[in-house]
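Worksheet: the structure to be examined is printed underneath.
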Amino acid sequence: MFTWTHIIFYLQCMDYTCCRVAFSSTALQHEYIMSSIGLNEEQKEFQKVAFDFAANEMAPHMAEWDEKEIFPVETMRKAAQLGFGGIYVHPDLGGAGLSRLDTSIIFEALSTGCVSTTAYMSIHNMCVWMIDTFGNDEQRHEFCPPLCSMDRFASYCLTEPGSGSDAASLTTSAKRDGDNYILNGSKAFISGGGETDVYVVMCRTGGSGARGISCILVEKGTPGLSFGKKERKVGWNSQPTRAVILEDCVVPVANRLGAEGQGFGIAMRGLNGGRINIASCSLGAAHASVLLARDHLSVRKQFGEPLANNQYLQFRLAEMATGLVTARLIVRHAAQALQEDRGDAATVCAMAKLYATEECFKVCNEALQMHGGYGYLKDYAVQQYVRDIRVHQILEVNPLILTENVFL
Ligand SMILES: Cc1cc2nc3c(=O)[nH]c(=O)nc-3n(C[C@H](O)[C@H](O)[C@H](O)COP(=O)(O)OP(=O)(O)OC[C@H]3O[C@@H](n4cnc5c(N)ncnc54)[C@H](O)[C@@H]3O)c2cc1C
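Take the sequence shown: its position 366, counted from the start at 1, is 366 in the UniProt record's numbering, and no numbers get skipped.
The following block contains the structure:
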């Protein structure tokens, strides 16, 4: 039987070498951790590469990137050299050609070093995959290689001021004019907006509803494309968020992905993987937070002994570890379903995203609580994980997928 003792033992087995209470030394270097259990040798290898990259290239800067709102372009380009700019994109286009499960493993590991930067990279990867999958050969070869190397960056543009959860009601229009479309409208909350190069824009070429939507690539520098002010956010501060404004923006018809009317389907197919990726970023934050909490409890003394001796806190920590592991299981299950293109994949991806983002937020928040007042200070990393993953419960949600597929 699986008991609390087993779970506490599990926590003790989580091997990490330089996770400290102080924010400045939160680099997590993992040799043998539970998130590698069940993985094959190749997966363990690139997981280690991702953990090392997170520990050495991201974690030491994550507080500064957050504080100064730095979009770490050069660090992401270094990550791209390891294949993380187009993880599930075909190798002939510069992608790594890995599976959805492999991708989840990588994003989970990277986000221990900086959730916000990793989450942007996950959106970028989703966009490149959409071009690879739904673009014609010319589009794939023109756009994907510089995106995989992160010489260029991509943004996903679905949400509008008047259409969030109800994305199919979007009103940005694309009117055909010979060999061009003329785009008018605005997109809200666009990750990377203003600083990225390729905008994957969902817009209306036909009548109302999902079937009237197409997907068009708009490049930075196109006349008529402009950006709103940089939004001030609770977290995700290492990536800019801006409105994307299209005013008589002339784009060649050759930039349309797929046929007219297929845009909403393309956007939703992208989001199936996007949901796994965002959920994986939550897993990394929860993993890091469990370790931070465990470490804090072992050094902080109250009532004459380390807090770690308090059985209530031991139980709480065990529950956090259980939450993390169960969330990881459903995310990996969904990744596998998507990889196999199973009929239930979209539903399972939505379930995994729903469950993991909520469970991991609880884990991080509980870890902050265990730090007491210190958890509320910006010198301690745990508060940044809490702030950064809060938005994962808000975005890439589609309340209808679950209700339609589960109840109807
Ligand atoms: C930091 C950040 C980055 C983002 N990045 C991007 C991006 O890169 N690209 C992009 O396209 N979008 C992006 N978004 C937008 C994000 O996807 C939307 O905020 C999200 O889809 C919710 O839409 P909304 O904000 O309009 O909320 P609303 O749709 O107004 O929803 C408000 C609340 O009502 C709930 N709700 C709505 N409808 C229903 C229903 N039928 N049943 C039950 N509950 C419902 C929602 O779940 C939510 O809790 C980003 C948002 C943020 C905050």
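No residue lacks a Cβ here, since even glycine has one placed at the ideal position from N, Cα and C.
On the CB-based measure, 16 or more other CB atoms within 10 Å of its CB, does K353 come out buried or exposed? buried
Per DSSP, the bridge partner or partners of A154: V198
Rounded to the nearest angstrom, what separates G193 and H371 at their Cα positions? 35 Å
Can you tell me whether V234 is buried or exposed, with buried defined as 16 or more other CB within 10 angstroms of its CB? By the 10 Å Cβ count, V234 comes out exposed.
Taking the DSSP output, what are the residues bridged to P252? N180
Measure the beta-carbon distance from V363 to L307 and round it to whole angstroms, keeping in mind my assumption that it falls under 8 Å. Contact flag wrong, Cβ pair sits at about 18 Å.
Classify F134: buried if its beta carbon has 16 or more other beta carbons within 10 angstroms, exposed otherwise. Classification of F134: buried, given that the 10 Å Cβ count is 16 or more.
Beta strand (DSSP E) segment containing S214, residue limits: Counting along the chain, the unbroken beta strand (DSSP E) around S214 starts and ends at I213 to E219.
Taking C-alpha atoms, which residue in I182, A188, V198 and K187 lies nearest to T205? I182
Endpoints, the beta strand (DSSP E) within which F227 is located: L225 to F227
Contact between the stretch 118-127 and the stretch 149-163: three or more CB pairs below 8 Å? Touching, yes, given that three or more Cβ pairs across the two stretches are closer than 8 Å.
Grouping DSSP H, G and I as helix and E and B as strand, with all else coil, what is Q302? Here Q302 sits in strand by DSSP.
So, does the stretch 170-177 touch the stretch 202-220, judging by three or more C-beta pairs under 8 Å? yes
Cβ neighbours of A243 in the same chain (closer than 6 Å, five flanking residues each side left out): S186, A188 and G228
Where does L39 fall in DSSP's three states? coil
Would you check whether ligand 1 has a heavy atom nearer than 7 Å to the C-beta of I394? yes
For the alpha helix (DSSP H) containing P126, list its first residue and its last residue. Residue identity differs from the one stated: residue 126 is Met in this sequence, not Pro. It spans V115 to F134 - the alpha helix (DSSP H) in which M126 sits, taken as one unbroken run.
Going by alpha carbons, who is nearest to G258 out of Q336, K230, T112 and I216? I216
How would you write the range of the alpha helix (DSSP H) that L82 sits in, first residue to last? Element bounds for L82: n/a, residue is neither H nor E.
Minimum length 4: unbroken alpha helix (DSSP H) runs contained in the stretch 257-318: Listed in chain order, the complete alpha helix (DSSP H) runs (minimum 4 residues) inside the stretch 257-318 are 263-299.
Determine the burial state of I389: buried for a count of at least 16 other Cβ atoms within 10 Å of its Cβ, exposed for fewer. buried
Between the alpha carbons of E195 and I70, how many angstroms are there, rounded? Taking the straight line joining both Cα atoms gives about 11 Å.
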